[in-house]
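Basically the numbering used here = 1-based index in the sequence shown + 323. Ideal placement from N, C-alpha and C gives every residue a C-beta, glycine not left out. Note that this is a predicted model, so its numbers are computed, not measured. Worksheet: one structure, shown below.
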Amino acid sequence: MRQSMKSLSLVSLLLLSVCSSMFIVTDVAEANTVVITEAVQVVDGGAASDQQSAVGSDSEGNVHLVWTRNGQHLWYSMLSPRGETMIDATQISNSGLHKIAHPDLVVDEDDTVHVVWADRAGQHSIMYSALQPFKAPRDGQATTDGAISSIDDTIISKRSQNRDWPAIDVDSQGALHVVWQDSYDPLDKFFAQPQIYYSMIEPDVTTGGTLTLFDDTLLTPIIGHKGHPDVVVDANDYVQIAWDDTRGGKVELVFVVDTSGSMYSEWADVCTVIYGGNFASGGYFRGIKPLLADANMSVYETIYGLGNTLPSVAQSGNCAAYYKGGQGPRNTALGTTDSDNSGGLRVLPETIYNGNT
324 MRQSMKSLSL
334 VSLLLLSVCS
344 SMFIVTDVAE
354 ANTVVITEAV
364 QVVDGGAASD
374 QQSAVGSDSE
384 GNVHLVWTRN
394 GQHLWYSMLS
404 PRGETMIDAT
414 QISNSGLHKI
424 AHPDLVVDED
434 DTVHVVWADR
444 AGQHSIMYSA
454 LQPFKAPRDG
464 QATTDGAISS
474 IDDTIISKRS
484 QNRDWPAIDV
494 DSQGALHVVW
504 QDSYDPLDKF
514 FAQPQIYYSM
524 IEPDVTTGGT
534 LTLFDDTLLT
544 PIIGHKGHPD
554 VVVDANDYVQ
564 IAWDDTRGGK
574 VELVFVVDTS
584 GSMYSEWADV
594 CTVIYGGNFA
604 SGGYFRGIKP
614 LLADANMSVY
624 ETIYGLGNTL
634 PSVAQSGNCA
644 AYYKGGQGPR
654 NTALGTTDSD
664 NSGGLRVLPE
674 TIYNGNT
C-alpha cells in the first residue's frame, strides 16, 4: 500500500466451477463466475501509518495478519473466514526503540503463527516470534503480546553489515525455514553487495525457545546484487527459494582519466582495476571485468584519455591488449554483437578540464 494509506483491507476471491456427474464445463472466468467479497477494513490506524502487511490462514480458515505501524512496531490481527474481527489490532513486538520492516508469516498444522521480520534499528537483525492466538478470547477485542506469544522476540541473525527482507515457511515436521538478504561479507569478496542467506530452526512453544538446526548459511557465493527472497516448502519437504539477481545483466562503465605528467602509474592501476593484473605498488587484483564475467554479467567499458592523448603506459602492461591506437570515440554502440564488449583505451579530443581546453 502507498505511504498515504492509513488502514489495511482484505479481499477474498473464490473461483467457481460448473460441474455435473457426467462432465465438467470449463470457460474463461468472468465477473459472474468470480465471487469477490467486499473489502474488509482490518484496522483504521488513524494518524498512524500501517503498511507492509503479510497474511496467512489456519486449519479453520481463519485469517492472520501482521503489519508494521509507523515503521516502529509489529501489529497482529485475526479474522474469521467471513471477515469478522476475532482479535483486534494488537502490538506483538516488544517495547523499546525499533525500526521494523518487511514482516512475513506462516501458520503450521497446529495453528501456531510463526512471524519473521527485520529490525533495522542499530545493527540490523532478523527477528522471529511464535503466536498462539487461540489462547486469547477471540471476542473481537485486542489482546496482549504476552497473552498470545509462545516464543518471544528472538534473534535469528545479527552481525556486522545490514540484513532485510526475511521470508519463512514450515515443513511437515514443524521445522521453520527462513531466508533473507544480507550484506555480511567478512572476507570482502562481494564488495558490500547483498547475498541470500538461509537458516533452519526448530521452535519449541512449550519452553518458549528455539533450536538452530542450520545457522546462517550463504546460498549465493558469487559477486552481484541479490535481494527480496521468498521461500516455500513443498510436499516432499524440499525447500524452494527464489530471489532477484543481477546475474545475466549488463553494465556500461565509462572512465575519463587525466593524461598530465603526474598520471603515469595511475593509468596502469586503472587498467589493473578493470582488466586485472598487478598494481604498480604491488599486489594482485582479478579485475572488475573478469569478476563480473564469472557472475554471467556483461561489462562494456571504455577508458578515455583527456586532451586527445594517452601516456605510453596505456600501451603496455595490463593496458596493452585494450589500446586502440589513439582512436577517438566510437561511432557505434557497444554490445551489438557478443564479441563487441569493450571500447578499450581511447582519446577524448576537444575537452574542457579545470577551465582549460
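- Cβ-Cβ separation between Leu534 and Val579: approximately 56 Å, too far for a contact (criterion under 8 Å).
- Unbroken beta strand (DSSP E) runs of no fewer than 3 residues, entirely contained in the stretch 436-478, are found at 436-442, 448-454, following chain order.
- Using a Cβ distance threshold of 8 Å, Tyr598 and Lys612 count as a contacting pair.
- Between the alpha carbons of Ile524 and Tyr646 lies a gap of roughly 55 Å.
- Sequence-distant Cβ neighbours of Ala459 in its own chain, meaning closer than 7 Å and more than five residues away, are Ile410, Thr466, Ala470, Ile471.
- Cβ contact annotation for Asp663 (same chain, cutoff 8 Å, sequence separation greater than five): Leu657, in chain order.
- Ranked by Cα distance from Ser480, the first of Gly406, Leu633, Leu541 is Leu541.
- Annotated three-state conformation of Lys573 is strand, per DSSP.
- Cβ-Cβ distances below 8 Å link Thr435 to Ala453, Leu454, Gln455, Ser473, Pro526, Val528 in the same chain, with the five nearest sequence neighbours on each side left out; the list follows chain order.
- In the structure shown, Pro552 adopts extended strand secondary structure according to DSSP, grouped into three states.
- When rounded, the separation of the alpha-carbon atoms in Gly406 and Val363 is 6 Å.
- Per the Cβ contact rule, the stretch 580-595 is not in contact with the stretch 513-522 (fewer than 3 Cβ pairs under 8 Å).
- For Asp567, the CB contacts under 6 Å within the same chain, skipping 5 residues up- and downstream, are Gly550, His551 in chain order.
- For Ser588, the enclosing alpha helix (DSSP H) covers residues 588-598.
- When the Cα atoms are used, Asp617 and Asp433 turn out to be separated by approximately 45 Å.
- At the C-beta level, Val593 and Asn631 stay beyond 8 Å of one another.
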